[in-house]
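Residue numbers (the numbering used here), protein chains in the order written: chain A, 23 to 275; chain B, 341 to 907.
Input: a single structure, listed below in structure tokens.
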């Protein structure tokens, strides 16, 4: 797919300028619907032998990567207070925000590990002292009032402050509820549906923009597009399988 | 001892917005150029539409050279400087890979702030303590280079003044240009139409801003697909006109440019006569000396200043080109903060689109309005744009309607995720006596070299512009039907900025400037400096196109005067 721009001896690490068609193709914009089909069928093919067993065993095989069991339970209760499931639909718990945060503490949020350890412990200490039970065993009203006390710096034991801890957890809970599901949160796209976000698209036509929140949500991760995955060069469809002309906003079509 | 490499004509330090542009006229002139770049080549595959990756994960810049040498920041010499993040990235193409790509020409006033102010309002109106000077030339001198860059890099936009003929579809306050943009502007959207209509009813002149983004097939690259994710993300179809996709490969194609990636320059080397002889750099675990007839320094403003300050020698004991003590002076971070945020009672349809897809108002910028009865000079360009993403939408202000968590808050964001908008207001920012860059006495990078320390804060002139422009912005939002408005504070500390200026200022006076009117050092005849660090004023708009026009001009001057400069 590399178009040679002239006869110079290009260095190995210098990409030549790809052609327009190849650019669109690598982004899945030529025959976008066909790309989606190929990607989906690959996944189905790979899992076809043990599809049901695989799905059923996913949760059981999933370890906490960073948090301890009690930390995770405490954090889940906090997330549930921050973005609760209610009459308007699911919340942070259903989005698996804690699963996201746990994994993020081993990667881009690794600088926050200490703050979680200290902060979650301080929340439980305060809950035990004032209500006789750890935070995650309290009724919602009591949990809410403790969280408000933490947010307004009325609880001690945080590093550096209760409000700082609260803001960090709030921010990470939002990340875990509304991020690309690739990162382990926003399960089943509950976060994007909550905001009526129609989903990522590789192109947005004027009609798509005009439709706005009325667009059918496409429920795709960025990484459902094979071009952004590790083995993209092996999974880009051959030219014969691609349609022509689609240049905008058609990946839901 | 560094391994000594074969001598080249020109070595360019940094293959970003500035160095990438300079490489082309030099290569075309037949000069042998080596471009040293601290990052590597990236491809469209690297730019997934992923808000978390671009924002929170800070990919790919988090692992880079810039991230390990982020400046420390303090407001005044009395404060302790604290290290923050670095807003730029290392790659072939530099930050043009992931910037918003707004590509403005400065307005004519920005080149002559001192003389215009003195003539119209009196010398006393130059703010106290400001070290601002006129540029050594006017807008007219730079116009041909703006034009070259627009047509080579690929800029879309609507002209407002072609050879004196004004067009209200564009910016009627812009300087005279020789021709239209090579591409039509990015399309409007329901939201920009709403704001444009409101501006016209205020008798303002709204227009679609210029962008380094294709809107049609241009030079083999497809047009913008409007999916968003420009902000700290690269383009999946190369519609963003990064220098990695035009000038740099074109220069490589001449056979005269060799790009060396992951090369970290540690010193510019000087002989006893005060001429530069080349640069030292580290690649992998090896150190090299790249000899060159001419060195063009074209990293970011902080790194330009830092490398000069680190390059001490017998001829320049206080840092290269710093015998007049001007390296690091006249620094400013563009005042782009103090936004206004509005809440509307209907969806704005901003889930798709990009920061450069917006509508601008220039009535309150520069000296486009009468300042006789005001207490500041300069002004602000008002800008609103599309582009809404779920995580940032959920983190929106609650306009005092609810606490920021729980069921009520959840109902609030469910209703209003696509109903708020924040303005982007760029303000005239001036240099001042006590705003400067130097080497931090304590904080070092992993190689043991001190990082840059920013000592700077906004003064009354910038804060008054901020307050004034917020009033105008509020008026505009309300006219468009906003039901609630929140104004942020007018700002104080100048943080590490994507719009950093000064430190190696350009000017005729060698006592107050580091480079001459061609971008070459007053003290070192074969050292040229490219980038925002040579700019002495900010204007009220993004710097990159001006940086690129200046780079082209310096490179062309070097090619045309090769024998006298290379000696």
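Cβ coordinates follow ideal geometry from the N, Cα and C atoms, glycine included.
Note that the structure is a prediction, hence the values are computed from the model and not measured.
- Does any CB atom of chain B fall closer than 8 Å to the CB of residue 231 of chain A? yes
- Stretch pair the segment 658-669 of chain B + the segment 841-859 of chain B: three plus CB contacts closer than 8 Å: yes
- Within-8 Å CB hit, residue 203 of chain A to chain B: no
- Can you tell me the Cα-Cα spacing of residue 148 of chain A and residue 128 of chain A, whole angstroms? 27 Å
- Would you decide whether residue 106 of chain A is buried or exposed? Buried here means 16 or more other CB atoms lie within 10 Å of its CB. buried
- Beta-carbon gap between residue 644 of chain B and residue 636 of chain B smaller than 8 Å: no
- Message: Using only CA atoms, which one of B:864, B:852 and B:889 lies nearest to residue 870 of chain B?
- Response: B:889
- Using three-state DSSP, classify residue 674 of chain B as helix, strand or coil. coil
- Query: Residues of chain A with CB under 7 Å from residue 692 of chain B, in chain order?
  - Reply: 223, 226, 230 and 231
- For residue 723 of chain B, write down the residues that DSSP places opposite it in a beta bridge. B:700 and B:764
- With residue 142 of chain A as the anchor, note down where its beta strand (DSSP E) starts and where it stops. Careful: residue 142 of chain A lies outside any beta strand (DSSP E), inside the alpha helix (DSSP H) at 135-153.
- Item | Nearest to residue 739 of chain B (by Cα), restricted to the options B:761, B:837 and B:878 | B:761
- Beta-carbon gap between residue 431 of chain B and residue 884 of chain B smaller than 8 Å: no
- Item | C-beta contact flag for residue 766 of chain B and residue 721 of chain B at 8 Å | yes
- Query: Hey, how far is the Cα of residue 200 of chain A from the Cα of residue 435 of chain B?
  - Reply: 27 Å
- Query: From residue 807 of chain B to residue 830 of chain B, what distance separates their C-alpha atoms?
  - Reply: 6 Å
- If residue 426 of chain B sits next to residue 836 of chain B, beta carbons under 8 Å apart, how far is it from one beta carbon to the other, in whole angstroms? 6 Å
- Message: Please state whether the Cβ-Cβ distance between residue 196 of chain A and residue 735 of chain B is less than 8 Å.
- Response: yes
- Item | Inter-residue Cα distance where the pair is residue 602 of chain B and residue 893 of chain B | 27 Å
- Item | Residues that residue 902 of chain B contacts on chain A, provided the C-beta gap is smaller than 7 Å | The premise fails here: residue 902 of chain B is roughly 23 Å from chain A at the closest Cβ pair, so nothing lies under 7 Å.
- Is residue 745 of chain B close to chain A, meaning its C-beta is less than 8 Å from at least one C-beta of that chain? yes
- What residues from chain A crowd round residue 759 of chain B, counting only those whose CB sits closer than 9 Å? The contacting residues do not exist; residue 759 of chain B stays about 10 Å from chain A at best.
- Starting from the beta carbon of residue 700 of chain B, find every residue of chain A whose beta carbon is closer than 7 Å, and list them in chain order. Within 7 Å Cβ-Cβ: nothing; residue 700 of chain B doesn't reach chain A, min ~20 Å.
- Task: Would you be able to state if there are at least three C-beta pairs under 8 Å between the segment 179-186 of chain A and the segment 223-231 of chain A?
- Result: no
- Query: Beta-carbon of residue 153 of chain A versus every beta-carbon of chain B: anything under 8 Å?
  - Reply: no
- residue 598 of chain B - partner residues in DSSP beta bridges: B:374
- Query: Below 8 Å, can you find three or more Cβ-Cβ pairs linking the segment 569-581 of chain B to the segment 519-536 of chain B?
  - Reply: no
- Item | CA nearest to the CA of residue 697 of chain B, picked from B:493, B:517 and B:525 | B:525
- Query: If you compare alpha carbons, which of B:566, B:547 and B:545 is closest to residue 554 of chain B?
  - Reply: B:566
- Alpha carbon to alpha carbon, how far is residue 544 of chain B from residue 701 of chain B? 7 Å
- Which of helix, strand or coil does DSSP assign to residue 213 of chain A? helix
- Give the interface partners of residue 397 of chain B over in chain A, defined as CB-CB distance under 8 Å, in chain order. 129 and 130
- What distance in whole Å lies between the Cβ atoms of residue 443 of chain B and residue 882 of chain B, which are believed to be in contact at a cut-off of 8 Å? 7 Å
- Message: Do residue 754 of chain B and residue 190 of chain A have their beta-carbon atoms positioned less than 8 Å apart in this structure?
- Response: no
- Cutoff 6 Å; reference residue 723 of chain B; Cβ partners in own chain excluding five residues on either side: 698, 700 and 764
- Task: Go ahead and label residue 348 of chain B buried or exposed: buried means 16 or more other beta carbons lie within 10 angstroms of its beta carbon, across all protein chains shown.
- Result: buried
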